[in-house]
Structure formats: C-alpha cells, structure tokens
Amino acid sequence: MWYEYSRNGEFCFSSDDSFIFATYAKNFVSGNLFQFNVGELSWGTTSTLWTFFTISTFIIGILATKYMGLVFLAILGFLVFIILFRSPVGFFTAILAGITIIISGLSLFNALSGMDTVFFALFFLLSLYLYIHHRDSPIFYLLIFLSVFARPEGAIIPIICFLNSALERKFGQASLI
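When we follow numbering that gives the first Met the number 0, the leftmost residue of the sequence shown carries the number 0, and every step to the right adds one.
Here it is as structure tokens:
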C-alpha cells in the first residue's frame, strides 16, 4: 500500500480485476445497476458476491476492499490454525501454518489488491470446515449455495461435498476430504 501511495500519490489498485470490481461498485452505487460501462448491462466480473461486498463498502471509500482483504486474511489464517489444531499435527504446526498464511508475501499482496482471492480462499476453506465438522448447519448450506456466486470454480464445493457424502454412504468412510 505504501508503494502505491508513494508512487501514485494515492491508494489505488494493483490489478485490472480490482479496478473492474470497483467500477461495477461505483456504477451500481451511482444508480446504474450492474454495469461496467454505463448504459450497457454486463456480467464481466468473476465474483458476483465480491462485487456486492465491494458495493457495500464503496460508500466508505475505495480502501475498504483492502481492509476487508486484510480482515479476511486474518480469519483465513485463524481458520487454518483451527483446522490443523483439530488434526493430529499438533499446536506448534497449526500455529506456524496459520501465521505463515497471514505473513506470506503473496497472501498479503492478494489481500491488499482489492481482489476476491483471499475472500474465495476463506469461503472455500470455511465451506469444507463446516462440511467436516458442522454438516447439518444452515450456514453450511448457505455457503455451498453461494459458492457459485463467490467464483465460478466455487461450483466444485457442492460437488466435492456431494461426492464425498455418496462415498461415505457406500463405503462408510470419507475419502475425498
């Protein structure tokens, strides 16, 4: 963020996708519905859900997506810790993995980019965590329903869960997750 500011005199986006999300949000808030170019209805965004998150924070300011990315990254690191802590690897490995996720340069870049990358990683991991530990939770069903709107490849989440459940019924043990 500091590099962006020192180079451009303002905080901006580090990729064209971030700009696309912000443009959709700005146009939506301005009363132009879901349009990249005003007057032309389009669906040129890979994450409808992230676009609506961006819309909801656009009123606060353009940096809101960067802060949201950092919050989602912190939650992602904590979720990695929780998942590994509940596994046989132990506390030290779990805490190390969670911290590594948070301080990784690529993770930080993605969180600060204004893109949906960290959001989708969190969405995917949370869906799998809920499938494993809280399969009957309404939140789990909401997440797998929304997974396609998080990113197109989010369609794999309900497919994996369905196939794993079918294998569990047939063989008595999960084998995909």
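Cβ atoms here follow ideal geometry from the backbone N, Cα and C, with glycine treated the same way. Note that this is a predicted model, so its numbers are computed, not measured.
Per DSSP, cross-strand counterpart(s) of residue i
i	result
Q172	BP columns for Q172 are empty, so no partner.
L127	L127 pairs with nothing; no bridge assigned.
L95	DSSP lists no partner for L95.
Extent of the continuous alpha helix (DSSP H) to which residue i belongs
i	result
M67	63-84
W49	47-57
P137	137-149
L32	No alpha helix (DSSP H) contains L32, which DSSP labels as neither H nor E.
G104	104-111
Residue i versus residue j - alpha carbon distance
i	j	result
I131	I101	23 Å
T116	I138	21 Å
F27	S17	15 Å
S164	F170	10 Å
Same chain only: Cβ atoms within 6 Å of residue i, ignoring 5 sequence neighbours per side
i	result
T124	The sequence shown places Leu at residue 124, rather than the Thr named in the question. Within the same chain, L124 has close Cβ partners L78.
F122	A149
F118	W49, F71
T22	F35
Own chain partners of residue i with C-beta closer than 8 Å, once the 5 adjacent residues on each side are dropped
i	result
S126	F139, L142, I143, S146, I156, C160
F20	T44, S46, W49, T50, T53, T64, G113, M114, D115
S41	F33, Q34, F35
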